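Chains as they are written, first to last, in my numbering: chain A, 1 to 180; chain B, 1001 to 1235.
Heads up, the beta-carbon is just placed ideally off N, CA and C, and yes, glycines get one too.
Because the structure is a prediction, the values reported are computed rather than measured.
Worksheet for the structure shown next.
Structure representation (structure tokens):
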């Protein structure tokens, strides 16, 4: 299959969600994972060399064509999206869930020292977190985890793509200084 | 909406007890591993009193932290009999560290190339980026506002402090007044909203009006990091 790169590019153009290697492999039938992966890497390199309006990102376990961040202001003139704008409190709650998942509400509130009910509802509505089930302890509290939408929104390949706790640990003091 | 009992809900918008603690630690430039518990506890309780006076609906969480601080303070006063007695402040240090880690993690997340904000896909699922207005980011925190407010109260001359006339203005009326200022000017500094000869009751009403306007996403409050001047912008 010589035109594998073009086929994949056409698939990427049409799809709405990040396309996984497995999905591409199933469509193309013949080529294996490695060939698909190589084709994707080549495409990405081509987009980088061209420095055009878009690039190829690996997000939420798949690949997606996305616009280059430097052109954000122009796109906003075209489609005027509602900004994501999460409050500090919401971001902190989301960060706690992302790093500590699966996690129950009382553990989140223990870290933040404050009630999180309203924020959890909002994060659920925006599909950034989901309910994983109930913990089999008294009261059977709800267990929360982040969603695929979370990975897509924050441009993350997977949860391992989050900065590791060691990295953050050294930043503790810096964060205190930058609090305002 | 009644004008007589006016509660300001602060959860979800403003910060919690941990942020107040960090605010105090930062304000006094103390080491989180060597917190002067007596000082910080005293100040923490003062802030809670302030928030109570202003009818800010302080959540039970603030009281829990207050009791933790008081407990640690009293344990610090007790003579230690055993060598291996650990520093009672450790109970505070670990959660603070954890909280700081999560705060920095949150900052890192916010700094990423956000979908629907910095980068876009070909078929933007616009409904995914719907936001609620309550999640407005305010660059100035509640505690900075209280600090600024305390300064203003200090500048009121004593005899005007006692004098509370019956002719008080409601928070709702005050909001209308402030909006009128904004409509002619677009922005104002925090201090300009408090005239020098104002009575205490009016000063408090003005402050509550500002908090309420933040909650309603009517204003954005920004502090100049160099001059410390707090400025309000009409949205």
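Identity of the residue in the options nearest residue i by Cα
i                       : options                        : result
residue 1210 of chain B : B/1172, B/1076, B/1196         : B/1172
residue 111 of chain A  : B/1119, B/1224, B/1097         : B/1097
residue 1229 of chain B : B/1206, B/1023, B/1190         : B/1190
residue 1179 of chain B : B/1217, B/1114, B/1156, B/1204 : B/1217
residue 1047 of chain B : B/1222, B/1147, B/1073         : B/1147
residue 1113 of chain B : A/123, A/72, A/114             : A/72
residue 1174 of chain B : B/1075, B/1108, B/1212         : B/1212
residue 1186 of chain B : B/1156, B/1205, B/1232, B/1176 : B/1232
residue 1063 of chain B : B/1091, B/1017, B/1154         : B/1017
residue 89 of chain A   : B/1091, B/1200, B/1045, B/1110 : B/1110
residue 1151 of chain B : B/1118, B/1200, B/1087         : B/1200
residue 1101 of chain B : B/1022, B/1215, B/1027, B/1088 : B/1022
residue 188 of chain A  : A/14, A/16, A/123, A/25        : Shown here, chain A extends from 1 to 180; a query on residue 188 of chain A therefore has no answer.
residue 91 of chain A   : A/80, A/104, A/108             : A/108
residue 117 of chain A  : A/93, A/49, A/74               : A/93
residue 1074 of chain B : B/1025, B/1181, B/1020, B/1041 : B/1041
residue 1234 of chain B : B/1183, B/1203, B/1224, B/1202 : B/1183
Residue i versus residue j: straight-line alpha-carbon distance, rounded
i                       : j                       : result
residue 54 of chain A   : residue 1144 of chain B : 42 Å
residue 19 of chain A   : residue 96 of chain A   : 28 Å
residue 57 of chain A   : residue 63 of chain A   : 6 Å
residue 126 of chain A  : residue 86 of chain A   : 11 Å
residue 1055 of chain B : residue 1079 of chain B : 39 Å
residue 1195 of chain B : residue 1105 of chain B : 42 Å
residue 1068 of chain B : residue 142 of chain A  : 27 Å
residue 1205 of chain B : residue 159 of chain A  : 47 Å
residue 1197 of chain B : residue 1065 of chain B : 37 Å
residue 106 of chain A  : residue 1049 of chain B : 27 Å
residue 36 of chain A   : residue 163 of chain A  : 28 Å
residue 146 of chain A  : residue 10 of chain A   : 30 Å
residue 133 of chain A  : residue 120 of chain A  : 15 Å
residue 70 of chain A   : residue 1116 of chain B : 13 Å
residue 45 of chain A   : residue 1188 of chain B : 50 Å
residue 1045 of chain B : residue 102 of chain A  : 35 Å
residue 27 of chain A   : residue 33 of chain A   : 12 Å
residue 1208 of chain B : residue 1219 of chain B : 13 Å
residue 1129 of chain B : residue 1107 of chain B : Low confidence applies here, because residue 1129 of chain B scores a pLDDT of 42, under 50, leaving its location unreliable and the question unanswered by this model.
residue 4 of chain A    : residue 39 of chain A   : 7 Å
residue 61 of chain A   : residue 14 of chain A   : 18 Å
residue 22 of chain A   : residue 1034 of chain B : 54 Å
residue 43 of chain A   : residue 1099 of chain B : 41 Å
residue 52 of chain A   : residue 148 of chain A  : 27 Å
residue 1052 of chain B : residue 1149 of chain B : 14 Å
residue 1093 of chain B : residue 114 of chain A  : 17 Å
residue 17 of chain A   : residue 1087 of chain B : 53 Å
residue 1029 of chain B : residue 152 of chain A  : 39 Å
Beta strand (DSSP E) segment containing residue i, residue limits
i                       : result
residue 1231 of chain B : 1230 to 1234
residue 132 of chain A  : 129 to 134
residue 58 of chain A   : 54 to 59
residue 63 of chain A   : 62 to 67
Secondary structure of residue i, DSSP reduced to three states
i                       : result
residue 147 of chain A  : coil
residue 1223 of chain B : strand
residue 1187 of chain B : strand
residue 1115 of chain B : strand
residue 142 of chain A  : strand
residue 19 of chain A   : strand
residue 24 of chain A   : helix
residue 79 of chain A   : helix
residue 104 of chain A  : strand
residue 163 of chain A  : coil
residue 1017 of chain B : helix
residue 137 of chain A  : coil
residue 1056 of chain B : strand
residue 72 of chain A   : helix
residue 94 of chain A   : helix
residue 29 of chain A   : coil
residue 1086 of chain B : coil
Continuous alpha helix (DSSP H) stretch holding residue i: start and end
i                       : result
residue 118 of chain A  : 117 to 125
residue 1028 of chain B : Looking at the DSSP string, residue 1028 of chain B is not in any alpha helix (DSSP H), and its letter there is neither H nor E.
residue 86 of chain A   : That residue, residue 86 of chain A, is in no alpha helix (DSSP H); it is neither H nor E in DSSP.
residue 14 of chain A   : 4 to 14
residue 1206 of chain B : 1200 to 1215
residue 1073 of chain B : 1060 to 1077
residue 44 of chain A   : 33 to 50
residue 1092 of chain B : 1090 to 1110
residue 1170 of chain B : Where residue 1170 of chain B is concerned, there is no enclosing alpha helix (DSSP H), given that its DSSP letter is neither H nor E.
residue 982 of chain B  : Missing from the structure shown is residue 982 of chain B; chain B here goes from 1001 to 1235 and no further.
residue 1192 of chain B : Looking at the DSSP string, residue 1192 of chain B is not in any alpha helix (DSSP H), and its letter there is neither H nor E.
residue 1197 of chain B : It is not in any alpha helix (DSSP H) - residue 1197 of chain B carries neither H nor E in the DSSP assignment.
residue 1149 of chain B : 1142 to 1154
Contact set between the region 1107 to 1124 of chain B and chain D, restricted to residues whose Cβ is under 8 Å from the partner: The displayed structure is made up of protein chains A and B, and chain D is not among them.
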